[in-house]
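**Q** Numbering (this note's numbering), first residue to last: 224 to 285.
Here you go, one structure.
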């Protein structure tokens with residue numbers, strides 16, 4: 224994988240797949256917000272936006 228504009232997301236990448244949180248039908252987005260130090264994404268079937276921060280086991284509904 225080649226990252227063009229890092230903005231901190233490489234800190235989340237590891238050598239293998241890692242489950243950050245679950246319970247979603249499927250998600251869309253995700254985008255890293257460097258100013259919030261968080262991953263922001265949409266749960267399409269749930270019609271909700273969520274935010275996840277490193278070290279947290281659950282995403283918070285926005």
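Quick reminder that beta carbons are idealized off the backbone N, C-alpha and C, glycines included.
Start and end of the beta strand (DSSP E) containing residue 252?
**A** Segment 250-256, the beta strand (DSSP E) holding residue 252.
**Q** CA-CA distance, residue 242 and residue 258?
**A** If you take the alpha carbons of residue 242 and residue 258, they lie about 23 Å apart.
**Q** Assign residue 287 to one of two classes, buried (16 or more other C-beta atoms within 10 Å of its C-beta) or exposed (fewer than that).
**A** Because residue 287 is not part of the residues shown, which for the chain are 224 to 285, the question remains open.
**Q** So, helix, strand or coil for residue 265, using DSSP?
**A** If DSSP states are grouped into helix, strand and coil, residue 265 belongs with the strands.
**Q** Out of curiosity, what's the CA-to-CA distance linking residue 230 and residue 268?
**A** For residue 230 and residue 268, the distance between alpha carbons rounds to 29 Å.
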